[in-house]
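Just so we're aligned, residue 1 is where the first sequence starts under UniProt numbering, counting upward by one. Positions of the beta carbon are idealized from the N, C-alpha and C atoms, including for glycine.
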Amino acid sequence: MRDGEEARAGRALLDWYDRQARDLPWRVSPARRAAGEQPDPYRVWLSEVMLQQTTVATVRDYFRRFTERWPDVGALAAAADADVMAEWAGLGYYARARNLLKCARAVAFEHGGAFPRTAAALAALPGIGPYTAAAVASIAFDEAATVVDGNVERVVSRLWAVEAPLPGAKPELVRLAGRLTPAQRPGDHAQAMMDLGATICTPRAPVCALCPLDDVCAARARGIAAELPRKAPKPEKPTRHGLIYVARNARGDVFLERRPDRGLLGGMAGFPGSDWGESPSPCPPFAAGWVEAPSAVRHTFTHFHLVLRVFAAEVEGPGFTPRANFRPGDLPTVMRKVWDAAQSAFVSQPG
DNA sequence: TAGACGTGGAG
DNA sequence: TCTCCAAGTCT
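Here is the structure:
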């Protein structure tokens, strides 16, 4: 893109968005927006937090369940921690759920129940960083904030053919994205950039033939669109090992613990076990006839692979979660895999 | 500031 | 099977 083409490109992008905007549960369509309908800041905020590093397809059902159960920020602020963590189970990055509650309570009890209306004020709330602050401020409150997520980084790096690799190039991409941000309809512009990145200007095989900006795109002109943005190589994932223990009693009650708020799977329910490292020692939570499940659980987190040996036992004791209160779906995915693996150990022993 | 922090789908 | 990656934030 050359100097002076920003305004024309911005208009072409909004024209495309007016025709192509995806229908999303948290979105007010351009037509409804033009008719004066305002997006609900609560729904915008909730969707943006859920969408952090998470696909639209995954978020849809979670968003529906959350908004049905907690229709406004006051309802969410009044929710029990365990209920919110259970509803978030499977969505990942569980610090988001902990910060979601902190943020809802801050809005409800320190801001009179209304979200702050500027990106600067929003960014002071838990779980709201530069991206989410700009997204909520522009979409819900029409602030001309520059929204930069992974989509925008990709689109901008291609429009200007920025060859410097991420994350070092981030400040330059933010600066360029700012040149494209319009004073009018900044929220629709932001959503248009992200829709474009998600549907046309995709990571592997961009569909430049359908792109409303192809005539101003420098990477397209040079035939290097699919190579951008360049990224620094990622460190290799180590493999860690662990032992984990699934106990139930004769009534089908289950022994669970709540993990500490900090760290991996923080605040989530799970089964007790060893640390995850090189070669952990056995550490059953109590004596029982532990039987090892025939196959270990394998799971990959963002920064390491995990192999868990699963031990199961039927045993009586205190502190079990009643069967009626236990749903595997309330567990993080790796713990759900452990639960599934334990079933084959249970069926192989009497009872 | 670079590493921690989940998961599921695509290629 | 395996790597990449998706509307990032926190420390």
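When DSSP reads this structure, I244 sits in a beta bridge with G273, V310.
Taking 4 residues as the shortest admissible run, the region 111 to 150 contains the following complete alpha helix (DSSP H) segments, listed from N- to C-terminal end: 119 to 122, 130 to 141. Taken in chain order, the unbroken stretches of alpha helix (DSSP H) that lie wholly in the region 172 to 207 and span 4 residues or more are 186 to 199.
Of the residues A124, P165, R336, L24, the one whose Cα lies closest to the Cα of D195 is L24. Judged by their CB atoms, L13 and L213 are nearer to each other than the 8 Å cut-off. In this chain, the alpha helix (DSSP H) harbouring V334 covers 333 to 347. Within the same chain, W276, G277, E278, F304, H305, L306, V307 come within 8 Å of R240 by CB-CB distance, once the 5 residues on both sides are set aside.
Annotated three-state conformation of L46 is helix, per DSSP. Closest option to V107, judged by alpha-carbon separation, among D72, S344, L176: D72.
If the five residues before and after Y94 are omitted, its C-beta is found closer than 8 Å to the C-beta atoms of M85, W88, L265, G266, G267, M268, P332, all from its own chain and listed in chain order. By the Cβ rule, the region 290 to 299 does not count as touching the region 254 to 264, because fewer than three pairs are nearer than 8 Å. Closest by C-alpha distance to E5, out of V315, R248, K102, L176, is L176. F286 is the residue among Q53, S157, F286 whose C-alpha sits nearest the C-alpha of R248. Non-local C-beta neighbours of A144 in its own chain, meaning closer than 8 Å and more than five positions away in sequence, comprise S138, T181, P182, A183, P186, ordered along the chain. Following the DSSP letters along the chain, one finds V297 in no alpha helix (DSSP H) but inside the beta strand (DSSP E) bounded by residues 297 to 300. Contact between L159 and C217 holds, with the beta-carbon distance rounding to 5 Å and staying under 8 Å. When DSSP states are grouped into helix, strand and coil, T55 belongs to the coil group.
DSSP places R11 inside the alpha helix (DSSP H), whose first and last residues are 6 to 20. Residue pairing by DSSP places E257 opposite G270 in a beta bridge.
Counted as a single uninterrupted DSSP element, the alpha helix (DSSP H) harbouring D81 occupies residues 81 to 88. Of the other Cβ atoms in all chains shown, 16 or more fall within 10 Å of the Cβ of F320; this residue is therefore buried. G270 places its beta carbon 8 Å or farther from that of L243. Between K237 and the set I224, H299, V254, A205, the nearest pair of CA atoms involves H299. Rounded to whole angstroms, V254 and V246 show a C-alpha spacing of 8 Å. Just so you know, the alpha carbons of A120 and E257 end up roughly 38 Å apart. Residue pairing of T321 in beta bridges, as defined by DSSP: V254. In the three-state DSSP reduction, L265 falls in the coil class, being neither helix nor strand. Taking a 10 Å sphere around the C-beta of F109, we find fewer than 16 other C-beta atoms and assign the residue as exposed. When DSSP states are grouped into helix, strand and coil, K234 belongs to the coil group. Taking C-beta atoms under 8 Å as the contact rule, R154 and P229 qualify, at a distance of about 6 Å.
Judged by DSSP in its simplified three-state form, E227 adopts helix.
In the DSSP annotation of this structure, the continuous segment of the alpha helix (DSSP H) that includes V73 starts and ends at 73 to 77.
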